[in-house]
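Undergrad:
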Amino acid sequence: MTNLRPTWAEVDLSAIRDNICSIRSRVGPSVRVMPAVKANAYGHGAIEVSRACLQAGASALCVATVGRAFNSARPVLANRFWFWAARRRMRSMR
């Protein structure tokens with residue numbers, strides 16, 4: 013089978029850091045910035061993207077499941093993760 017729509021995505025981690033810094037500067041210090049890191053950061057590398065977000069000042073990372081939080085936790089153990097609980101309420105985990 014031939015792929016008729018080949019794709020290529022190049023992720024610039026410095027652009028991700030700049031975006032988080034820009035958001036932080038606009039919302040102010042009292043607002044938590046918590047980017048969602050879903051599906052391996054949509055194929056761009058959850059660990060690398062998570063690190064970039066946290067380095068730029070993200071307060072926490074949002075993930076879909078507890079398993080995702082544990083899979084991403086190795087490089088960012090000291091940070092908070094937020095995940096959707098079974099009843100669709102937000103829960104916090106350290």
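For our numbering, add 12 to where a residue sits in the sequence shown, where the first one is 1. From the three backbone atoms N, C-alpha and C, an ideal C-beta is built for every residue, glycine too.
Put residue 73 into one of helix, strand or coil per three-state DSSP.
TA: Residue 73 falls in the strand class under three-state DSSP.
Undergrad: In terms of alpha-carbon separation, which member of 69, 25, 57 lies closest to residue 42?
TA: Residue 42 has its Cα closest to that of 69, out of 69, 25, 57.
Undergrad: Taking the alpha-carbon of residue 21 as reference, which of 45, 47, 55 has the nearest alpha-carbon?
TA: The shortest C-alpha separation from residue 21 is found at 55.
Undergrad: Whose C-alpha, out of 37, 24, 39, 40, is nearest the C-alpha of residue 63?
TA: The residue with the shortest Cα to Cα distance from residue 63 is 24.
Undergrad: Whole angstroms are fine: how far does the CA of residue 17 sit from the CA of residue 65?
TA: Roughly 30 Å separates the two Cα atoms.
Undergrad: Can you say whether residue 58 is buried or exposed, counting buried as having 16 or more other CB atoms within 10 angstroms of its CB?
TA: So residue 58 ends up on the buried side.
Undergrad: What are the start and end residues of the alpha helix (DSSP H) that includes residue 26?
TA: Its alpha helix (DSSP H) spans residues 25-39.
Undergrad: Give the straight-line distance between the Cα atoms of residue 27 and residue 34, rounded to the nearest whole angstrom.
TA: Each residue's alpha carbon lies about 10 Å from the other.
Undergrad: Throw me the rounded Cβ distance for the residue 44 and residue 72 pair, which I believe falls under 8 Å.
TA: Contact holds; Cβ gap of about 7 Å.
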